[in-house]
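Report on one structure; see the data block that follows.
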Amino acid sequence: MKKYRVVGQDVEKVDGRALVTGQPVFTDDFSLPGMLYGKILRSPYAHALIKEINASEAEKLKGVEAVFTYKNVPRKAYTTAGQGYPEPSPYDSFIFDKKVRFVGDRVAAVFAESLSIAEEALSLIKVEYEELPAILDPEDALKDGAPVIHDEPEIQGAHDPSRNIVSHVDLEIGDVDQALRDSDFVVEGIWETQYAQHCPMEAHIAIAYLDERGKLVIRSSTQVPFHARRILSFLLGIPISKIRVIKPRIGGGFGAKQEVLIEDLVALATLKTKRPARLELTREEEFVSSRTMHPMKVKVRLGADKEGMLKAIEMDILSNTGAYGAHGPTVFFNAGSKTLPLYNKAENVRFTGNVVYTNLPVAGAYRGYGATEGYFALECAIDELARKMGIDPLILRQKNHIRPGETSPIFKKLGEGREGVPQTVESCGLEECIENGRELFEWEKKRSLPREVAPGIYRGYGMAIMMQGSAIPLVDMASATIKMNEDGSFLLLVGATDLGTGSDTILAQIACEEIGIPVKNITVYSSDTDFTPFDKGAYASSTTYLSGEAVRKAARKVKEQILTVAHILLGASGDLVIEDGLVKEVGTGKTLTLEEIGLRSFYMADQRQIQATASHVSEVSPPPFAAHFVEVEVDTRTGKITPILYVAAVDCGVAVNPQLTRGQIIGSIVNGLGFALSEGLVFNTRGMPLNPNFLDYKVLSSLDIPEIEVILVETHEPSGPFGAKSVAEICINGPLPAVANAVYDALGIQLKKAPFTAESVLRLLGKI
Amino acid sequence: MRVQFKLNHKEVSFNVHPGESLFEVLRREGNYEVKGSNCRDGSCGACTVLLDGVPVPSCTILIGRVEGREVETIESLGDMENLHPLQRAFLENGAVQCGYCIPGILLVAKALLDRDPNPSREEIEEELSGNICRCTGYVQQIEAIERAAELLREERK
Amino acid sequence: MLKEVVEFYAPRELEEAHGLLLKHYPHAQLVGGGLDLTWRERKEARYLIGLDHLPLKFIKSEEGTLEVGAMVTIRELLENEALENVAPDSLKPALKAIATPLLRGVITVGGSLARAYPWSDLPALFLGLESKIGIFDGKYRVFELREFYEGDFREVLRRALITKVLIPQSKGRYFSYRRFTRTEVDIPLLNQAVSLHFREGKIEHARIFLGARPGFPLELEEIEGLLEGKELSEGVIGEACAMLRESAPVESDFRISKEFRKHLAGVLLEENLREIKGKYESSIQA
Ligand SMILES: Cc1cc2nc3c(=O)[nH]c(=O)nc-3n(C[C@H](O)[C@H](O)[C@H](O)COP(=O)(O)OP(=O)(O)OC[C@H]3O[C@@H](n4cnc5c(N)ncnc54)[C@H](O)[C@@H]3O)c2cc1C
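Residue numbers (my numbering), protein chains in the order written: chain A, 1 to 768; chain B, 1 to 157; chain C, 1 to 286.
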């Protein structure tokens, strides 16, 4: 493999110094004179009509500058999902509606001189509701006579709103029923995931103002600045040219900010009052009224022959998208498209199911994007099959997983809420991942140890394998601009959205590798719809792979321009290279500084700005692969599960920055462990969330984490920049099945419903 | 009312509402290095400051309690050109992702290392447990604090 | 922000603080750490009385009693070596489990005992440690903590300040405390404090409190009765745990079910009794 100078190095995060010194880099670290503060009135009912709403008292309150209800905003169906155009999500949302569809739905918004005044004004808005029967269980959504949650005539893009169905799939490859009948071993089960929330440390926040041209500027904590601009233009009926969205540093997103959730309201307030307006969700709103993971019931049936070769896989899903369908179809498709190709030896595959509306919080994009839910079921079923056959689940996986040069019909059949794109897997280090993980974990040795390690205390060992994708093929586009200054330094302008992942650093490394300069010579700007070129934003594991390739292409063009000048200046005819910021002629040893080239281009001869823009769309979505191993301890007196050791072996292609890569892996594992052990919203019988705070929604702390070992299995992906694929999402898929499998190994109980609370363990043990 | 206290070793005096928290006052006065606070119960730790050397979530401290006391924010550690060993170690160990929790975590780490220059891994995990970081999974932060302790011990030699 | 607040007082004398409490009754709120006030955004609070400048930040041992001032934070208490005289090896871990390290620097003993959430740790802990509570309502008074909580303490505290808690450093007492949580950083979903006094190998006197049921800590007199007069044998432990699993006065909430709490009550008792048994036996040998 080629040695790189900048790629593959643990380069210091380009925004790192600003972050460790607490610079004012986030959306809210900035204040404008005359700024108004917004607050949203939320529905107390799961399903109700607004019979009457009277905001006149609120409007009269001193300091209140704007009150919005369904009566005074444009009525246009749209989707909040920040996806490429046309969005695969249904148009089923309104800025405000006469109907509320979950506890926490928008009813009205107030903008006032201060937060306290805005809060007081909310209490002055009189609303009369007519409560409607609500659907609080996705199973009920499909029943005859179920209440219809979206009966508005404007709805578009939902499969069958009259039956609360957002999306429906019935896909079969081969003949699954026949193959299952012919199988020597068949297993079946239903696995269920919970209402989990992203919990970014920085909640959704946006500030709008008018600039000196009268342009609406929105500074927002968003993963999708360009989609936000497009959606706002559509929704508010103002041209794209009159809107500018700025994404400063973001305090985490994990998918929750792949949405346009509050930008419309600050925009309305600023347009109405001509004053800056700010809106920030409270932590409770973040839990209840932003977005969550899609709770799913995933049924899996597997059939295999005596040799342990999979013959059939069936996956049937009931996905609960909550009150609105943002990302509903695509997350559901991904639960199949990112999981089923992993076991491409099975020739008969069926993928079916429904995405339904309920009167519960709105699910959206969450790191893993459906694959997490799919893998929980699939990888637990694989273990179950191995037990039934009496073989090591590791060996069963080895026999059946996809390998380099292979494909799966699923790639073509399942895409982004529609057909996908066929592809052959070029780079795949899954075999090595399993092998290296197995060795470090000491899989066989551990599995031969006695499980009871002290009276009532059991250890168990489980694993799971997984893949994801890298970008959405033939849909998403990224672009980048690189400019050279006269001192030989560079500017990299990207629409790609670093939301804490470190992608600005990764992209800088890619640019610098291609040009031949150190990272200190480049400044990265992300993202500003007026000054950086288009990029779809941060989602679908695509920034390194897709935006990275756009950056590489732009860098190549810039390099060509530099070398053209250098040839003239050096009078050289031979090959030139750029190394450490110097242009060198191969053979003669003649050199030239980049500063000489920059100065000449600006002021002396052939005057021009050395710069280039490049765009990239990928025809494939090369999957990263991983094998996870976990050791857990279960206290059978209390039912508590404690993870002890976690080993993750990951093939993400070439790791552009191994340290940041490791950070992505560990971070997603710990979030996944949260799904397995403790996270989940709980509702009362009226659909009201009971734990929308950190006191009762338990994210893991530094005391809850196991020892985590990361192994990077490097492969070289030919379609990615310098061989890179993606790594941001894949590892969140491992903990649910790996922990469930480990607990089975310890105690012989099957945990099929997340989170695996102590109480659920004791119930399965028959102790309560 | 007016309160007077020491902020990063300088005397300051602000006009405040008696129902405000230290967090609200600091942010209003432009101390944007103090992040966070929308958990509203001190359970996330993002808005941590040192109050007389003790790390506390500034959103839980009523401003009246601060009169005459000493408050330190991340500004008291180091600046962009002169990073504190903790800040350096955090960057070198990949302990920073989105960075929102970082000022709070660095202050917790500083208070720990001031008290105990050679903490065990368990102590570090314990001390960090009041600061939620949703990005990193804590591992690289724990490693960074161990590394910073080493750097500081070397410096003292 | 507590919008309704009009004044923040910082009195230097208890009498002054008490006077302000009476003067602004019922709109006054004492401020210990202030965590609870800011967290719950208590709208009724109009006059805040900060207690930082009162002489309530002390930890002292006197005549076999550890006295802890109301303004001592849990962090400060934890750092004090005198704790080990009260309940060696068991009080420290119990305090260390409370809230988070950051919040332990805010939460005061007085604020915690006054607020007295049913799931709170300090009331159960101090009840189990057979503590007394000192208050000032114009006069200094000391009550058995148990009696204080049995009375209408919330009403009393509208006109009084907690000044301290007094924990007897009884030699013959063996103490153990357990709390069940979902993750390592959590409020207790059930907690239990046990004190046993032995005489000639037999349990002379037992005190057991069960809290976060989810209701306020209750003394488990039936279990105490079963234990008293007996040796702490495996058999007796088993009997007590079985009895508690049957009879534990617990209910469901959204966190966990009644059945699980019942089961846990037995588990916590077993762990507490085992710990005490171990300590007692090693002290006999020594
Ligand atoms: C995220 C979080 C986690 C928590 N975890 C735990 C936990 O694990 N275990 C636990 O036990 N508790 C826990 N708590 C609860 C905490 O202990 C209480 O909120 C406690 O009341 C805070 O103490 P304080 O000194 O800050 O109270 P303050 O807010 O100062 O006061 C609380 C109340 O007591 C009154 N008061 C204060 N001091 C006195 C006094 N000296 N005399 C009379 N009245 C007084 C006040 O007027 C007020 O009404 C947690 C709280 C939060 C927000």
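Don't be surprised by glycine CBs; every beta carbon is placed ideally from N, CA and C. All values derive from a computational prediction rather than experimental measurement.
Per-residue DSSP class, three states only, for residue i
i	result
A112/A	strand
P689/A	strand
V14/A	coil
Q659/A	helix
Q609/A	coil
G374/A	helix
E52/A	strand
V194/C	strand
Q197/A	strand
E130/A	strand
N436/A	helix
K92/C	helix
R600/A	helix
Residue from the options whose Cα sits closest to the Cα of residue i
i	options	result
M770/A	K753/A, L216/A, E759/A, T757/A	This structure does not reach residue 770/A, given that chain A is present from 1 up to 768, and the question cannot be answered.
T529/A	K445/A, A228/A, L592/A, R686/A	A228/A
H84/B	R147/B, N38/B, C39/B	R147/B
D745/A	G680/A, E631/A, G687/A	E631/A
Y32/B	S31/A, A146/A, P24/A	P24/A
S678/A	A572/A, P643/A, P153/A, A371/A	P643/A
E154/B	E24/B, G137/B, N118/B	N118/B
G172/C	L166/C, E150/C, H205/C, I162/C	H205/C
V682/A	R637/A, Q664/A, P755/A, S621/A	P755/A
Any C-beta of chain C under 8 Å from that of residue i
i	result
D690/A	Looking at the sequence provided, one finds Leu at residue 690/A rather than Asp. Chain C contact via Cβ: present.
I644/A	no
E123/B	no
E65/A	no
I142/B	no
D704/A	yes
T73/B	no
P117/B	no
CB contact check: residue i to chain B, cutoff 8 Å
i	result
G500/A	yes
M1/C	yes
F8/C	yes
Straight-line Cα distance separating residue j from residue i
i	j	result
S282/C	L268/C	21 Å
I61/B	P239/A	46 Å
L142/A	P689/A	23 Å
M293/A	P404/A	32 Å
L268/A	R763/A	52 Å
G364/A	I250/A	19 Å
S618/A	F333/A	19 Å
G420/A	P341/A	12 Å
I74/C	K23/C	30 Å
F180/C	F629/A	28 Å
L106/B	R115/B	14 Å
K247/A	V148/A	38 Å
Test: residue i CB closer than 8 Å to a CB of chain A
i	result
G94/B	yes
A46/B	yes
N38/B	yes
Any 3 or more C-beta pairs closer than 8 Å across the stretch 607 to 616 of chain A and the stretch 472 to 484 of chain A: Flag = yes, the stretch 607 to 616 of chain A and the stretch 472 to 484 of chain A touch.
Cβ pair count under 8 Å reaching 3, the stretch 7 to 16 of chain A against the stretch 653 to 671 of chain A: As far as the Cβ criterion goes, the stretch 7 to 16 of chain A touches the stretch 653 to 671 of chain A, which means the pair count is three or higher.
Touch test, the stretch 180 to 190 of chain C against the stretch 133 to 146 of chain C, Cβ-Cβ under 8 Å, three pairs minimum: The stretch 180 to 190 of chain C is not in contact with the stretch 133 to 146 of chain C.
Cβ pair count under 8 Å reaching 3, the stretch 36 to 46 of chain B against the stretch 33 to 48 of chain A: The way I'd put it, the stretch 36 to 46 of chain B doesn't touch the stretch 33 to 48 of chain A; fewer than three beta-carbon pairs between them come closer than 8 Å.
Against chain F: residues of the stretch 236 to 254 of chain C by CB proximity under 7 Å: The structure shown contains no chain F; its protein chains are A, B and C.
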